[in-house]
Amino acid sequence: MKREKVLSITSPTRQQPYLAVDIHTFRNATRDIGFDVYLKLSEDNFAHIFSRVTGLDYKRLAQYISKGIKELYIHPEDEAVYKAFTTATAESIFNDPNTSAEKKIATLLNMTEQNMAELFTLINVDEETAVKSQKVVRSYVALLSENPKSLAIILKLVSHGEYLYYHSIAAAIFSMFIARATGQFKQKFLEIVGMGGFLHDIGCTHIPKEILLNSHELTASQWREIRQHPKVGLQMIEKTPHVPDEVRYIVYQHHEQMNGLGYPNGLLGPAIYYPARIVALADSFSALISLRPFRAAYTVEQAVKIIQSEEGKFDPDLVKILPSIFLRPSSEQKAA
Ligand SMILES: [Fe+2]
């Protein structure tokens with residue numbers, strides 16, 4: 001393992017060995033943890049990686065998860081604090097009517113940061129675009145959080161299961177990558193495409209989780225329900241503050257296909273709003289590289305190939321630029 005940037009290296013005493021805890025309990029947690037966390041380097045050596053004072057570092061947490069690390073360690077004295085921490089999950093915070101709006105907003109922003117950190121351990125993309133797109137996402141999540149009505153809509157997205165929020169962030173970021181690769185650098189355009197990507201599946205919050213998690217074996221009536229989500233999404237954001245009309249078109253049209261086989265209206269290529277075509281592609285790419293309950297995640301290379309093979313579905317000019325965005329040599333390969 002590459003040498004870690006750690007706070008200190010320490011050894012547990014024989015009487016008080018460190019306690020192993022599941023690394024996934026830190027996913028979507030707030031940054032403030034109130035206890036120290038260690039990484040096991042060997043039987044006797046533990047690296048102090050997160051502190052009760054400075055809290056979680058989402059980027060490093062995402063790196064540990066991507067390296068396949070399953071357990072982190074805490075001091076036995078902190079067991080009670082850790083238990084309280086695991087019960088205060090993001091989902092319970094969002095669903096608790098007694099939790100203040102400030103706490104919900106802080107948790108939402110933390111979760112956004114963490115999802116973005118995880119995303120960027122998965123894909124190897126242009127650094128400048130990555131930084132810019134993260135900034136755009138941060139800014140509109142903060143903007144939407146300012147208003148109780150739009151905040152309530154985003155909270156639906158986060159409290160409808162871990163995948164939906166992660167997918168929304170990923171679709172937002174990928175949409176901006178695709179837009180920039182087409183030569184669109186205007187801030188306003190990127191914000192619209194990004195927010196469209198972020199809110200595109202907002203209508204899915206009305207679909208029961210069991211259906212969303214099982215979308216490989218659905219009955220005809222369940223499919224009908226799923227196919228309603230662009231329309232439901234449009235209705236949800238129809239009068240929502242800070243959501244521009246362009247974003248509403250994206251939400252409504254993100255399942256239209258160039259060949260006219262999409263829904264809800266079976267529009268043909270030129271009739272589909274251009275930013276909606278960008279989000280449609282980002283949406284599929286995000287879904288393919290994500291682990292789903294019914295299949296493993298595809299690699300970035302496999303996802304690009306699958307999309308290239310789905311002729312007629314996406315805007316062919318956008319499909320052409322996908323490899324230049326996502327099949328970049330890694331910085332290690334470049335340096336070699
Ligand atoms: Fe969708």
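For the sequence shown, our numbering gives the first residue as 1, with consecutive numbering after it. Ideal Cβ positions, reconstructed from N, Cα and C, are used throughout, including at glycine.
Just the Cα atoms here: how many angstroms apart are residue i and residue j?
i: Phe294; j: Thr240; result: 34 Å
i: Ile307; j: Ser284; result: 8 Å
i: Lys2; j: Leu41; result: Per-residue confidence for Lys2 stands at a pLDDT of 49, beneath the threshold of 50, marking its modelled position as unreliable; no derived number is given.
i: Met116; j: Ala90; result: 16 Å
i: Asp78; j: Ile226; result: 44 Å
i: Phe85; j: Phe26; result: 9 Å
i: Val319; j: Gly183; result: 15 Å
i: Ala257; j: Pro275; result: Rather than Ala, the amino acid found at residue 257 in this sequence is Gln. Gln257 and Pro275: Cα-Cα distance of roughly 13 Å.
i: Leu268; j: Asn147; result: 36 Å
i: Val125; j: Asp315; result: 21 Å
i: Thr112; j: Glu127; result: 18 Å
i: Met195; j: Pro17; result: 47 Å
i: Gln302; j: Pro323; result: 11 Å
i: Phe174; j: Pro76; result: 42 Å
i: Arg328; j: Leu122; result: 13 Å
i: Phe326; j: Ile178; result: 10 Å
Would residue i pass as a contact of residue j if the rule is Cβ separation under 7 Å?
i: Ala171; j: Ser286; result: yes
i: Val193; j: Met176; result: yes
i: Tyr252; j: Pro230; result: yes
i: His48; j: Thr10; result: yes
i: Leu352; j: Val21; result: An answer regarding residue 352 cannot be provided, because it is not within the stretch 1 to 336 covered by the chain.
i: Leu19; j: Ser51; result: no
i: Tyr58; j: Phe46; result: no
i: Val279; j: Gly197; result: yes
i: Val300; j: Ile289; result: yes
i: His160; j: Thr205; result: yes
Relative to the C-alpha of residue i, which residue among the options is closest?
i: Gly262; options: Ile69, Arg31, Glu246, Leu281; result: Leu281
i: Arg242; options: Pro316, Val232, Ile154; result: Contrary to the premise, residue 242 reads as His rather than Arg in this sequence. Considering only alpha carbons, the answer is Ile154.
i: Glu43; options: Ser66, Thr13, Gly68; result: Thr13
i: Lys347; options: Arg60, Gly34, Asp36; result: One cannot answer for residue 347 here, as it falls past the ends of the chain, which runs 1 to 336.
i: Ser100; options: Arg328, Ser145, Tyr82; result: Ser145
i: Val358; options: Thr121, Tyr166, Ser92; result: The question about residue 358 has no answer, for the chain in this structure spans 1 to 336.
i: Ser66; options: Val53, Phe120, Glu246, Ser92; result: Phe120
Tell me whether residue i is buried or exposed, calling it buried when 16 or more other Cβ atoms sit within 10 Å of its Cβ.
i: Ala80; result: exposed
i: Lys104; result: buried
i: Phe94; result: buried
i: Asn110; result: buried
i: Asn28; result: buried
i: Ser133; result: buried
i: Leu218; result: exposed
i: Leu190; result: buried
i: Asp36; result: buried
i: Ser139; result: exposed
i: Thr87; result: exposed
request  = Could you tell me whether the segment 198-206 touches the segment 311-325, using the rule of 3 or more Cβ pairs below 8 Å?
outcome  = Under the three-pair Cβ rule at 8 Å, the segment 198-206 does not count as touching the segment 311-325.
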